[in-house]
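Undergrad: Quick one: structure below, then a few questions.
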Amino acid sequence: MPRKKFMQDLELARTAAKPDDIHDLERGEDDGTFTFLVTNPKLPKPAKINAMVTDVSSYPTSHEYMIFTDDETPTDVAQAINDHLPSTDRKSIVELFSCIRIALSKLGSTDGDDSEMESEDDDDPDDYDLNEEFVNAPIHSLPVRKTTGRFMSAITSNRIRRDLRTAKEAGFRVAPLEFIFDENMPTFVSISCKVKKLGISHEAMKAWQLKPNEYLVLLIRYPSGYKTAEQLQSASGAAFDVRLRVCDKYKTSQQDALNAFLLTQKEKEHHGTANSPSQSRDTFISGPIRDLIVERLTKLMTYRDSGMTWTGAEAFYMDNQGTSSKHRTMDDSYFKPESIKTSYPDIVNADHLATKRYHSAVSFPLVAMQFALRHFVRCTEFCLICHRQLPGDVEALKPYVCSNRLCLYQYMSLGFGPSIDHEILTQPLVIDLLISFCYSNVASGQLKDFPDGLSLTVPASFAEFSCKPPRKVIQAPEDDDKVVKMDFNSREVILKDSGAPCPFRVGDWVTCRPIKGDADSVHCRIAETMYHPVLRVGELVKVPELAVVDPYGTRSGTAAQSTKHMAPKGTLTPGEAPVWTEVFIERYDQDFDNLGEKEKRDAIKFLLDTLPSVTEMRDYLQLVPNRELKSWIDRISPSASSVLRWIVASNRACIVQVDELAPQGSNGKDIPALFQKAADIDFNKEERVSGMKGWMQFRFAMGAPDKERRFMQAVRETSRRLNLKYPTAFAWHGSALSNWHSIIREGLHFKKTSNGRAYGHGVYHSHDYNVSLGYTNFSRAYPNDTVSLMEWPSSILQITMALSLNELVNAPNEYVSRNPHLVVSDLDWIQTRYLFVKIRNKDFMLESEIKPSNALPQDPTMTPRGEVEPIVLPASATKAGTLNVTPLKRKSNSHSASTHGKKSLRGIGTRDDPMDLDNDGDRSSQATDDEDRTALIDVVDIEEETTAGAEKPIKDREIDLFSETKFRPGQLDFSSLPKMPEPSYASIGTSRRLQADFKALLKIQQSTPAHEIGWYIDPSKIDNMYQWIVELHSFDQFKLGDPQDPNKPIPLATDMEKAGLSSIVLEMRFGPTYPYSPPFVRVLRPRFLGFREGGGGHVTIGGALCMELLTNTGWSSVSSIESVLLQVRLAMASTEPPARLNLRPGGGGVARSSGYGVGEAVEAYRRACMMHGWQVPEDLVWVEDAAGEGR
């Protein structure tokens, strides 16, 4: 009940330990209201805060708070709360205190400097954990705190400790934050791992803005107290939330964790904390991973209970979205074994759900972290929006979306992917490079993947703008209402039909082409329509033919210009009388998605023609701090902006500029190279390759995040096998300029043949620069210097050719061919390192031919040549130079925590730091290897940590499990039972789940006294896994509760004794969709009295069980058969009303020994469901078919 939950939280917050600044929490007179006092160093006395939940019936899932103060409260307190209070939606009462504290930290602040926040985020060990217990210690050995609210039971607390230990044993560092051992109190769990342990390449770390010694931290928030995996799977509401963060330490402070959940980015900017020091930050895909875990993880865990792998469960979820359970089918494809990538370390490939023992507890923090790593480390394998697994034939360094148009639209509209503004400011040459590659790909007619679904629009006659030379004069169109008069100086337009409604809206983009004369067409935005039929337009953008562009703004030709005075010849200057020119005006109203492929390419080329140069975009962004390119609404149309963002976001390679532009006036001569000094890029200064004068250089990496790891594995294996002195060699790869747009998205491969394969299938390389230069197709593709048609007109580089310098495993005798070309078919033997581009604007390129001081030693027989001499590479060009090619020592696997499921690695044991699980960087400047750390940490046997007073499991095999019951197995005549025919259906998932359940039951049956469990299954009589015979016994253990005769058994036990029976025989029938539908459970014999005859015990007149648990309404797929049998037995033992056997008059056994028929059981079951409004499982139809066969 919502109101009950509110009252519980209020009472818990009142009695529990609160921050030192919160006092006197009291319930208000009205429902949903409460008051409290808050202190602050800047206040002369405590301030009284009044809070009200606007709708108690929505608590705690969708409620809101109203916060106000009384007349005695200082006005600056009310002002701080009004201006700086974070969102309180769905916050618990304890979390509301943190929101108030954040608001009051702004008292007296005028510049947004959050000094209070900084003081609370100080690295104080005492602030890390409110729980001072060491998690490995049994709770009964710890002191009981008196000020933290209601303390949980020992069983529950030890379950939490077991979950955390399990995560620790898997190699993660775990830390509980806040009241984890208090019932129903909001709490956090932090689980982390160092980035360098994830097997991510150095290039991927740079592209993802990570550092090796940082921690990837998953924060799990439980708003109503810690919940186990089983509780979360059966929960109906939002029982947890997560944040994926990057942190310098293995855990964040309590306040930093609260801010991660309580404040959105906009709220941080509003409160002035967006740029304040913080212990952690979001990753580049924290948002998508958070949504994925919260929305899907518990459902996927349920699917995995049936035997699916992660891949199968995710595919099943995607294939069955929006379908009812009766239409879901689980074919064998969902149960295929998971393909393990050996290039990733074990911590990434580990699967807790696959390796746990049957019916052992599942650690949700561990499952959540492993699932997060699956989609973080392998993010390029999944769509960022729908999370569907992408085709495996394309490797990329950056994640993107699938081919679904909706995914692309959401990706662009939700702001995922790289920041264009940041990229333009830090790497303008890379942006120029990407646009130029796309432009060349479009102009050559090769582009196949289009930005569909982005609501792009172009003028209907856009194709005419692609003509070379463009049409200067057009005839008056038949659509005369589109002919208007325009003054290019004042940027005013007069429409002809003043009586008609204005056909344009503010924000529409139009193109205006003069009817006569030689003036160029212009593009502009409708800025004002108030004085219709006179309209005002924004800045005029003229689309040029190719011209040489000065990157500093002075152009010798007519590149894509934006000017306020772009008047045609003969017009007057500003301030003189207007000169009206007849123009044909056309709105951008042609839907891009409805065009054919050729028209789409022309439309993209048209929009790119309207873009300004990257230096203009950079200057615009630098003019005002925190300015965004999308605000340049008068210069860049929304469609052109979307295409630009699509080009940058769809780039899946890591490209970092090495060269910079020369200072204006230097002409790039005799000036030392200036290298990129952006804070997030840590390349060494000596990155430039010597011997390639006139070529602009970029560091270049492609492939999946584990590509570098696979390459290095190949290098090590080959080096050891061939005893190589030089493990790798470098070679050139040339390709046409129009191909590079696809290459940087798909990687190097040889699926498409562009220049023949005379020397075999593979990727072609050469040591000779001139040979690879021939593959750029410069002279063949662009005869008579028609390369200008392929160049982006606004490019400051004006690229004409491109080459990549790749690192290869140095085993030429094992290539497909080594002469005259190096043909490599194994893509893991190739790693891109540099990208070289030939540019027209050589005077603006800053370069240096100084050779690197730390040159890389190269194989003399495999050294690539530049134009005139062999090139010299810096040592930083490769990692293979540091390899030890001698055989490495074999690692010892003794005392490995991962191979001993019963072992727990204990931390340092201090109560101030309860989960020091790793000790690899927090207390020392150097990380400790796993093997060394394992040898230094104490080992504790978890099975010895039993709760005080709990009974130890029976381990003596000689104990007679049936000594305290009258039941004896093996006495039932199975041949006389009225069973249903054996089912003929089966599915892999259901079979695996049933086998697991059956093994678990047998294990319990073989180790637990029979009178305690009260059921028995004869495994030798189970011929079909979908049909079980179960005997319920030992009902004499249940007592009637008669004060005068405490040992008097229940009536059912008395009747069984009179009839000479020791058990009740049940039949359990499992359908093909189990565990998503409940089994059909019925009594075979003996017969019971019906409800009308004075019977009870939930047994119907037909022998079916009248229990909500066994219907779709009450069934849960995480229910175990053990719990089902327990509840069925308890229901039969119920005395309200009691179950009674149908005995013969005067005794002597049951009235009918034949038992129940299938048909009467099904009919009775349906009647019970109809009477109580329960949902009948779809699988019942299989039982009814069997009933028909049995008649």
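In UniProt numbering, the protein residues as written are 1 to 1191.
Glycine included, C-beta positions come from ideal geometry on N, C-alpha and C.
What alpha helix (DSSP H) runs, 4 residues minimum, are completely inside the region 217-301?
TA: The alpha helix (DSSP H) runs lying completely inside the region 217-301 and spanning 4 residues or more are 229-234, 254-262, 265-271, given in chain order.
Undergrad: Between the region 596-609 and the region 442-452, can you find at least three pairs of beta-carbon atoms closer than 8 Å?
TA: yes
Undergrad: In angstroms, rounded to a whole number, what distance separates the CA positions of G507 and I526?
TA: 5 Å
Undergrad: Could you tell me which residues DSSP puts in a beta bridge with L1089?
TA: DSSP, once it has assigned bridges, lists no residue as partnering L1089.
Undergrad: Inspect the beta-carbon positions of residue 1196 and A1133 and report whether they are closer than 8 Å.
TA: The requested residue 1196 does not occur in the structure, where the chain is confined to residues 1 to 1191.
Undergrad: Can you list, in chain order, the residues of its chain with a C-beta nearer than 6 Å to that of F316? Leave out the 5 residues immediately preceding and following it.
TA: Within the same chain, F316 has close Cβ partners Y303, Y334.
Undergrad: Apart from the five residues on each side of it in sequence, which residues of its chain come closer than 7 Å, Cβ to Cβ, to Q697?
TA: V658, D659, R688, V689, Y834, F836
Undergrad: Since L722 contacts I830 with CB under 8 Å, what's their CB separation in whole angstroms?
TA: So it is not a contact: roughly 18 Å between Cβ atoms.
Undergrad: Have a look at R3 and A235 and give me their C-alpha separation to the nearest angstrom.
TA: 19 Å
Undergrad: Under 6 Å Cβ to Cβ from G1103, same chain only, skipping five residues before and after it: list those, please.
TA: Closer than 6 Å at the Cβ level, and outside the excluded window around G1103, lie R1082, V1083, Y1156, A1161.
Undergrad: Would you report the Cα separation of K851 and L454, rounded to the nearest angstrom?
TA: 47 Å
Undergrad: Would R745 and M412 qualify as a contact pair, given that the criterion is a beta-carbon distance under 8 Å?
TA: No, these two residues do not count as a Cβ contact at 8 Å.
Undergrad: Taking 8 Å as the limit between beta carbons, can you name the residues of its chain near K211, skipping five residues before and five after?
TA: V195, M205
Undergrad: Using the rule of at least 16 other Cβ atoms within 10 Å of the residue's Cβ for burial, across every protein chain shown, is G907 buried or exposed?
TA: Because G907 carries a pLDDT of 33, less than 50, the predicted location of this residue cannot be relied on, and the following value inherits that uncertainty. Per the 10 Å Cβ criterion, buried.
Undergrad: In chain order, what residues of the same chain lie with their CB nearer than 7 Å to the CB of V367, ignoring the 5 residues before and after it?
TA: A229, M301, H352, L353
Undergrad: Can you look up D432 in the DSSP assignment and give me helix, strand or coil?
TA: helix
Undergrad: Could you name the residues that DSSP lists as bridge partners for A1059?
TA: The partner list for A1059 (beta bridge, DSSP) is empty, contrary to what the question assumes.
Undergrad: Return the chain-ordered list of same chain residues with a C-beta closer than 6 Å to the C-beta of L258, the five sequence neighbours on each side being excluded.
TA: S98
Undergrad: What do you reckon, are the CB atoms on T581 and M486 nearer than 8 Å?
TA: yes
Undergrad: Determine the extent of the beta strand (DSSP E) in which L808 is found, giving its start and end residues.
TA: 799-809
Undergrad: Going by other Cβ atoms of all chains shown within 10 Å of its Cβ, with 16 needed for buried, is residue 1196 buried or exposed?
TA: Lying before the first or after the last residue shown, residue 1196 is absent from the chain, which here runs from 1 to 1191.
Undergrad: Determine the direct distance from the alpha carbon of G307 to that of L1180, and round the result to whole angstroms.
TA: 23 Å
Undergrad: What is the rounded straight-line gap between the Cα of residue 1274 and the Cα of I289?
TA: Since the first residue shown for the chain is 1 and the last is 1191, residue 1274 is missing from the structure and cannot be characterised.
Undergrad: If I follow the unbroken alpha helix (DSSP H) through W646, where does it start and stop?
TA: Note, W646: alpha helix (DSSP H), 638-649.
Undergrad: Whole angstroms is fine: what's the gap from A1131's alpha carbon to N404's?
TA: 52 Å
Undergrad: Can you look up N1024 in the DSSP assignment and give me helix, strand or coil?
TA: Here DSSP, grouped into helix, strand and coil, assigns N1024 to strand.
Undergrad: Taking the alpha-carbon positions, what's the Y250 to G1071 distance?
TA: 47 Å
Undergrad: So which of L629, G1014, T529 has the shortest CA-CA distance to D1036?
TA: G1014
Undergrad: Which residues bound the alpha helix (DSSP H) around G312?
TA: Counted as a single uninterrupted DSSP element, the alpha helix (DSSP H) harbouring G312 occupies residues 310-319.
Undergrad: Looking at the unbroken beta strand (DSSP E) that takes in M66, where does it start and where does it end?
TA: 65-69
Undergrad: Taking only the alpha-carbon atoms, compute the straight-line gap between L737 and K693 and give it to the nearest angstrom.
TA: 19 Å
Undergrad: Please report whether the beta-carbon of R525 lies at a distance below 8 Å from any beta-carbon of chain C.
TA: In the structure shown, chain C cannot be found, because there is only a single protein chain.
Undergrad: Within a Cβ cutoff of 8 Å, which residues of the same chain sit near E1108, ignoring the five residues on either side of it in sequence?
TA: G1114, H1172, W1174
Undergrad: In three-state DSSP terms, what is I988?
TA: Correct three-state label for I988: helix.
Undergrad: Use the C-beta contact count for M1056: other C-beta atoms within 10 angstroms, 16 or more gives buried, fewer gives exposed.
TA: buried
Undergrad: Could you say which of L107, P74, K106, Y65 lies nearest to E95 if we only look at CA atoms?
TA: Y65
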